[in-house]
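Enquirer: The following block contains the structure, expressed as C-alpha cells.
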Amino acid sequence: MAVSMVPASPAIADPDTPSNASEALKQLKALSDEAEKLTEELHKANDDLKAKEAEVGKANEELVKANAAGDLAKKQEGELRGRVDQLASSNFQGTRVNHISALLLSKSPNEFLDKLSVVDLITSESKDSLDKLNATINQAKTAARLADEAKAKAAAAAAESARIKGDLENRKKEAAQKQEKAKQALDRLSNAEKKKLQDAGLDIDLSGLPDGGIGASALKIAVTQKGKPYVWGAEGPDSYDCSGLTSWAFGKVGVRLPRSSAAQARVGSAVPLNNRDAWKPGDLLFFGNRVHHVAIYAGNGMQFHASTTGQPLKFDKVQSGLSGVRRMG
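Numbering (the working numbering), first residue to last: 42 to 370.
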C-alpha cells in the first residue's frame, strides 16, 4: 500500500471566530466600521436618488410649460398670420390707399392731410401685425427647443435614477451582510464586555453654552438622547446612527441636513481643521478621507455622537481620523 509523504495540514482556525476578548472587541470594531461605511454610502445613494427624482420632476414641469408656451405661440401665430394676410390682400386689391392716391383723390390740403394720416395708420398697423407675427414665430421656435431640452434632461435624469436604484439594491445587500457579521461578533462577547460597551460614560454640563446659536441649540437637543442605542440606518427617536442623530438634532432647530455624513460634510461653512480654538460647541466633526462618520463638537476636546453598534449615544474624546469641521448657520 502506498504511503503519502505529504504531512497533514494543521487545522486552521475560523478567521470569524476570535480567540480572546481583546481580539473579539477588535473584530467587532472593524466589522462595525465597515458596516457603518456601507450604511452611510446607502444614505448618500438615497440622497442622490431623491435629487435625481426631483430633477426628473423639474424637467417634466419645464417640458409641460414649454409645450404650453409652444401651443399658445402656434395659436397666436395662426391668428396673426390671418390678420397679415388680410392686410396684404386689402392693399393688393387697392382697397387701401397710399400716399399717391391720397394726393390725387384729395380735394383740399386738409383732406390730403387727413388721408395721409389714415395711410400712415394703416402702414403702421400692417408693420405691427407683421412684427408680432415674426416675434410669435420666434417664440414658437424657442418653446420647441426648450421642450426638446427638457425632454432630453428628463430622460437622462430618469436613466441615472434607474442606475442609482440598481446600485442601491446591491449596497443594501452588502450592508446587511456586514451588519449581520458585526451583530454576530457582538453576540460572541461576554456579558461583562457587553456591559462595558453599553456604558454611556461621562456627562458634560452644557448649561453654560450661549443660547440662540444654531449649533449649540442642536447639541443640547442631541444630548437629551444620551444612552439610547446605535442602530444602522436609524434616525430616531428610539435609536440612531451617526448621521441620523445629527440630521434629527439639527432638524429640531430648523436646519434640514442631508441624510448621509458625506453629504452633510458639504453644507454649512468650513471651520479651520487644525485650529481647535476656532471650533465652537455645535460644530459638526467629520471623519475619514471618504467621510463615513459625523459627531457634534461639545467643547474642550469632546464630541457627542452615535458611535457604533453595541454602544449607546455618548460623549467621547474627539476621535482620530478627523477630516473636516463645519458650522451650520
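Each residue gets a CB set at the ideal place from its N, CA and C atoms; glycine is no exception.
Using CA coordinates, which residue listed in T80, L363 and K67 is at the minimum distance from K213?
Expert: Cα-wise, what sits closest to K213 is T80.
Enquirer: R368 and S310 - do their beta-carbons sit closer together than 8 Å?
Expert: Yes.
Enquirer: Less than 8 Å between the C-beta atoms of L239 and W273, yes or no?
Expert: Checking the sequence shown, residue 239 turns out to be Gln, not Leu. For Q239 and W273, no; Cβs fall outside 8 Å.
Enquirer: Go ahead and pull the three-state DSSP assignment for L314.
Expert: Coil, per DSSP.
Enquirer: So, helix, strand or coil for V335, using DSSP?
Expert: Strand, per DSSP.
Enquirer: Answer yes if the stretch 257-267 comes into contact with the stretch 286-294, meaning at least three C-beta pairs across the two stretches below 8 Å, and no otherwise.
Expert: Output reads yes: the stretch 257-267 touches the stretch 286-294.
Enquirer: Where does Q220 sit, in a helix, a strand or coil, going by DSSP?
Expert: Here Q220 sits in helix by DSSP.
Enquirer: Kindly indicate the opening and closing residues of the alpha helix (DSSP H) around V264.
Expert: First-last of the alpha helix (DSSP H) with V264: I255 to V264.
Enquirer: Out of E190, L72 and L90, which one is the CA nearest neighbour of A203?
Expert: When only C-alpha atoms are compared, the closest one is L90.
Enquirer: Applying the 10 Å Cβ sphere with the 16-neighbour rule, what's the burial state of E102?
Expert: Under this definition E102 is an exposed residue.
Enquirer: Which first and last residues belong to the beta strand (DSSP E) in which G365 is found?
Expert: That run of the beta strand (DSSP E) goes L363 to R368.
Enquirer: Could you pull the start and end residues of the beta strand (DSSP E) that L326 belongs to?
Expert: Start and end: L325 to F328.
Enquirer: For A226 versus K267, is the C-beta spacing smaller than 8 Å?
Expert: No.
Enquirer: When you compare the CB positions of L259 and I205, do they come within less than 8 Å of one another, or not?
Expert: The sequence given here has Ala at residue 259, not Leu. Taking 8 Å as the Cβ cut-off, A259 and I205 do not qualify as a contacting pair.
Enquirer: With 16 as the cutoff for other CB atoms within 10 Å, does L325 come out buried or exposed?
Expert: It counts as buried.
Enquirer: State the beta-bridge partners of Q239 as determined by DSSP.
Expert: Per DSSP, none; premise fails for Q239.
Enquirer: Specify, as a first and last residue, the run of the beta strand (DSSP E) that Q352 falls within.
Expert: Segment: none, Q352 is in no beta strand (DSSP E) and carries neither H nor E.
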